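Asks: Encoded as structure tokens, here's the structure I'll be asking about.
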Amino acid sequence: MSKSDANPTKHSKFEDAQAFVYGTAMCALALMMLKTLGLITGQTAGLALLISYLIEAPFGIVFFVLNLPFYWFGYKRMGLTFVIKTLICVALISVFTEIFPRFISFETLNPVFGAIMIGFMTASGLMAIIRHGGSLGGVGIMALYIQDASGFKAGYVQLAFDAVLFTVAAFILPLDLVGYSLLGAVVTNVVLAINHRRDRYIAT
Amino acid sequence: MPAPHPLPKNPPKHTLLEDIQGLTIGLITTAIGLSFIAQLGFLTGQTAGLALVISYMTHMSFSWVFWLINIPFYILAYVRMGKEFTIKSALSVTALSILMAYIPPLMTFQTLNPFFGTIAFGVLTGFGLLGVFRHKSSLGGLGVLALIAQDHFGIRAGLVQIAFDAILFAVAFFLFDAHVVIYSLFGALILNGVIAFNHRRDIYIAN
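Just so you know, the protein sequences line up as chains A and B, in that order. Position in the first sequence (from 1) plus 147 gives the number in my numbering. Position in the second sequence (from 1) plus 3 gives the number in my numbering.
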């Protein structure tokens, strides 16, 4: 019996573990599809993808290294448990994205269908991770930190980051790929905005 | 399996738009999961599993078989679960049938490890079905029949479903390679694990 049977609003360790494996596997599959299509996404993962295309380095390593400086902000702002959970999730994503191509590769993948599917899978994966008290680190944490320090809204920090990222990408990548990337990022964020409701999914 | 908990009183209701987005995401993701096992030639349980077996045997498309075998169940659903549930289920079954006609060609694999594909199916379809259930719909079929059996004959609905799957997989052992059936059983296990651990009316409280 899981611990949550005694307290239904608290996730047990096992429930957290299955959510992190589920969430990171979903995000890793979505990242693999982004790589297959040559697309990017927003936030830290998007920056890591762009860098990995430019310097032809493995995404998993770039993503892991890129996240390192942000753990300090995470520790200051959110505490040790959050940082440990985030570190585990980031590490799982890095490993999964490097391993998955051995098991699955696409012969055809329609880019519009792919972008929508990537949006659903990323949103579902992120929701599982966030609902269980983890994160994928990076820009999001820094944004919260900046909000605390300067009063500048975290959401705007993230939006500004993505605006710069996509603008830079528009100069580097073919425009149709930037368009599909935007579609995927919009689907992800709409699904998250509608479904990530602390008042409905009440466990923590 | 988590034990049942008392449900919250006056749960918040989903709006129509929320139901539409929830069912859209749920059904598309379910179809993507099914595309994985359809391309591997594997099976699953329940009505979708029966439809896959028939479609492999007769070379008819899964979409038509799945849509047709669900028809008798709507009558039962109407009697047992009411109009709203029946209409939502009929819409969901029809949408899934259409999606299964269009999605597989949009996503074909150069390599797909059967073990990986089976897990991907269980996880994706498990997530998709959660969306469908949380927005009070179903993919029709046997579930309703099982509930009626429970009402009239006192046989637990879950047992009826297990018995159906047991017969389906036993028949499949004679029709398909053993490895197909074993992978399929594994996929069904993951799918049901995802639903059992996450379909909690006490944690996701909206209705």
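Glycine included, C-beta positions come from ideal geometry on N, C-alpha and C. Note that the structure is a prediction, hence the values are computed from the model and not measured.
Please classify M60 of chain B as buried or exposed, where buried requires at least 16 neighbouring CB atoms within 10 angstroms.
Replies: Counted from its first residue, the second sequence places residue 60 of chain B at position 57. The residue in question, M60 of chain B, is exposed, as its Cβ has fewer than 16 Cβ neighbours within 10 Å.
Asks: Thinking C-alpha only, which one of A:V334, A:K182, A:K157 is nearest T244 of chain A?
Replies: In the first sequence, residue 244 of chain A corresponds to position 97, counting from 1. Checking every option, the nearest Cα to that of T244 of chain A belongs to A:K182.
Asks: Please list, in chain order, the chain B residues whose beta carbon lies closer than 9 Å to that of E245 of chain A.
Replies: For the purposes of this step, residue 245 of chain A is identified with residue 98 of the first sequence, where counting begins at 1. Neighbours of E245 of chain A on chain B: none; closest Cβ ~14 Å, over 9 Å.
Asks: Could you check where the beta strand (DSSP E) with M63 of chain B kicks off and where it finishes?
Replies: Stepping through the second sequence from its first residue, residue 63 of chain B is reached at position 60. Neither: M63 of chain B is in no beta strand (DSSP E) and is coded neither H nor E.
Asks: Which residues mark the beginning and the end of the beta strand (DSSP E) in which T269 of chain A is found?
Replies: Counting from 1 along the first sequence, the entry for residue 269 of chain A is found at position 122. Segment 258-278 is the alpha helix (DSSP H) holding T269 of chain A; no beta strand (DSSP E) there.
Asks: I'd like the ranges of any beta strand (DSSP E) spanning at least 3 consecutive residues and lying wholly in the region 69-156 of chain B.
Replies: You should have 110-115.
Asks: Give me the Cα-Cα distance between L132 of chain B and I158 of chain B, rounded to the nearest whole angstrom.
Replies: As a position in the second sequence, residue 132 of chain B is number 129, starting the count at 1. As a position in the second sequence, residue 158 of chain B is number 155, starting the count at 1. Roughly 25 Å between the two C-alpha positions.
Asks: Using a Cβ distance threshold of 8 Å, determine whether the region 306-317 of chain A contacts the region 167-174 of chain A, with at least three qualifying pairs required.
Replies: Contact fails: fewer than three Cβ-Cβ distances are below 8 Å.
Asks: Do we get a CB-CB distance below 8 Å when we pair S271 of chain A with the residues of chain B?
Replies: Numbered from its first residue, the first sequence carries residue 271 of chain A at position 124. Taking Cβ atoms only, chain B reaches closer than 8 Å to S271 of chain A, which makes this a yes.
Asks: Within a Cβ cutoff of 7 Å, which residues of the same chain sit near A54 of chain B, ignoring the five residues on either side of it in sequence?
Replies: Sequence index remark: in the second sequence, residue 54 of chain B carries index 51 (1-based). Closer than 7 Å at the Cβ level, and outside the excluded window around A54 of chain B, lie F65, V68, F69, I72.
Asks: In three-state DSSP terms, what is S159 of chain A?
Replies: Here residue 159 of chain A refers to the residue found at position 12 when the first sequence is read from its first residue. Three-state result, S159 of chain A: coil.
Asks: Using the rule of at least 16 other Cβ atoms within 10 Å of the residue's Cβ for burial, across every protein chain shown, is M63 of chain B buried or exposed?
Replies: Working through the second sequence from its first residue, we reach residue 63 of chain B at position 60. Its Cβ having fewer than 16 others within 10 Å, M63 of chain B is exposed.
Asks: Specify the secondary structure class of I251 of chain A as computed by DSSP and reduced to three states.
Replies: Numbered from its first residue, the first sequence carries residue 251 of chain A at position 104. Residue state, collapsed to three classes: strand.
Asks: Return no unless some Cβ of chain B is closer than 8 Å to the Cβ of E162 of chain A.
Replies: As a working note, residue 162 of chain A is residue 15 in the first sequence. Cβ-Cβ to chain B under 8 Å: yes for E162 of chain A.
Asks: To which residues of the same chain is A169 of chain B closer than 6 Å at the C-beta, ignoring the five residues directly before and after it?
Replies: As a working mapping, residue 169 of chain B is identified with position 166 in the second sequence. Contacts found: none.
Asks: Hey, is A262 of chain A's beta-carbon within less than 8 Å of any beta-carbon in chain B?
Replies: As a first step, residue 262 of chain A is located in the first sequence; it is residue number 115 there, counting from the start. Not closer than 8 Å to any Cβ of chain B, the Cβ of A262 of chain A fails to qualify, so no.
Asks: Within 10 Å of its beta-carbon, does M4 of chain B have 16 or more other beta-carbons around it, so buried, or fewer, so exposed?
Replies: Stepping through the second sequence from its first residue, residue 4 of chain B is reached at position 1. Only weak support exists for where M4 of chain B lies, its pLDDT of 44 falling under 50; the coordinates are left without a value.
Asks: Would you call H182 of chain B buried or exposed, if buried means 16 or more other Cβ atoms sit within 10 Å of its Cβ?
Replies: The count along the second sequence starts at 1 and reaches residue 182 of chain B at position 179. Per the 10 Å Cβ criterion, exposed.
Asks: Assess, as a yes-or-no matter, whether the region 172-180 of chain B is touched by the region 78-93 of chain B under the definition of 3 or more beta carbon pairs within less than 8 Å.
Replies: Flag = no, the region 78-93 of chain B and the region 172-180 of chain B do not touch.
Asks: Any beta carbon of chain B sitting closer than 8 Å to that of I341 of chain A?
Replies: Counting from 1 along the first sequence, the entry for residue 341 of chain A is found at position 194. So, interface residue.
Asks: If you draw a straight line from the C-alpha of L102 of chain B to the C-alpha of F220 of chain A, how long is it?
Replies: For the purposes of this step, residue 102 of chain B is identified with residue 99 of the second sequence, where counting begins at 1. For the purposes of this step, residue 220 of chain A is identified with residue 73 of the first sequence, where counting begins at 1. Between L102 of chain B and F220 of chain A, the C-alpha separation is close to 44 Å.
Asks: In the DSSP assignment, find the unbroken alpha helix (DSSP H) run with L162 of chain B in it and report its ends.
Replies: Counting from one through the second sequence, the residue named residue 162 of chain B turns up at place 159. From DSSP, the alpha helix (DSSP H) with L162 of chain B extends over 160-178.
Asks: Can you give me, in chain order, the residues of the region 311-327 of chain A that have a beta carbon less than 9 Å from any beta carbon in chain B?
Replies: The region 311-327 of chain A vs chain B, Cβ under 9 Å: nothing.
Asks: Run through chain B and tell me which residues come within less than 9 Å of T188 of chain A, C-beta to C-beta.
Replies: Numbered from 1 along the first sequence, position 41 holds the residue referred to as residue 188 of chain A. Result: empty, since nearest Cβ-Cβ is about 18 Å, beyond 9 Å.
Asks: Report the residues of the region 275-298 of chain A with a CB closer than 7 Å to any CB of chain B, ordered along the chain.
Replies: Taking 7 Å as the Cβ-Cβ cut-off against chain B, none of the residues of the region 275-298 of chain A qualify.
Asks: Note down, in chain order, every chain A residue with its Cβ under 7 Å from the Cβ of F130 of chain B.
Replies: In the second sequence, residue 130 of chain B corresponds to position 127, counting from 1. What F130 of chain B touches in chain A: S271.
Asks: Quick test of the definition: if touching needs 3 or more C-beta pairs under 8 Å, does the region 289-301 of chain A touch the region 265-276 of chain A?
Replies: The region 289-301 of chain A vs the region 265-276 of chain A: no contact.
Asks: Given a threshold of 16 other Cβ atoms within 10 Å of its Cβ, counted over all protein chains shown, does G134 of chain B qualify as buried or as exposed?
Replies: For this step, residue 134 of chain B is matched to residue 131 along the second sequence. By the 10 Å Cβ count, G134 of chain B comes out buried.
Asks: Within 10 angstroms of the Cβ of P258 of chain A, are there 16 or more other Cβ atoms? Answer buried if so, exposed if not.
Replies: Reading the first sequence from its first residue, position 111 is the one you call residue 258 of chain A. Per the 10 Å Cβ criterion, buried.
Asks: What number of angstroms, rounded off, separates the C-alpha of A149 of chain B from the C-alpha of L19 of chain B?
Replies: The sequence position of residue 149 of chain B within the second sequence is 146, counting from 1. The sequence position of residue 19 of chain B within the second sequence is 16, counting from 1. Computed Cα separation, rounded: 28 Å.
Asks: Is there a Cβ of chain B sitting closer than 8 Å to that of V242 of chain A, yes or no?
Replies: Position 95 of the first sequence, counted from the start, is the residue given in the question as residue 242 of chain A. With 8 Å as the cut-off, V242 of chain A does not count as an interface residue toward chain B.
Asks: What is the DSSP secondary structure of S151 of chain A, reduced to helix, strand or coil?
Replies: Here residue 151 of chain A is taken as the residue at index 4 of the first sequence, counted from 1. Low local confidence applies: a pLDDT of 44 at S151 of chain A is under 50, so the model's placement there is unreliable, and no value is given.
Asks: Considering only residues of the same chain and omitting the five flanking positions on each side of G261 of chain A, which have a CB-CB separation below 6 Å?
Replies: As a working mapping, residue 261 of chain A is identified with position 114 in the first sequence. Around G261 of chain A: M180, L184.
Asks: With a threshold of 6 Å on Cβ separation, who are the neighbours of G104 of chain A within its own chain once the five nearest residues in sequence on each side are excluded?
Replies: For chain A, the structure presents residues 148 to 351; residue 104 of chain A sits outside this window and is missing.
Asks: Does E254 of chain A come within less than 8 Å of chain B when only Cβ atoms are used?
Replies: By one-based count along the first sequence, residue 254 of chain A stands at place 107. Cβ-Cβ to chain B under 8 Å: yes for E254 of chain A.
Asks: Specify the secondary structure class of I293 of chain A as computed by DSSP and reduced to three states.
Replies: Walking along the first sequence from the start, residue 293 of chain A turns up at place 146. Three-state DSSP puts I293 of chain A in a helix.
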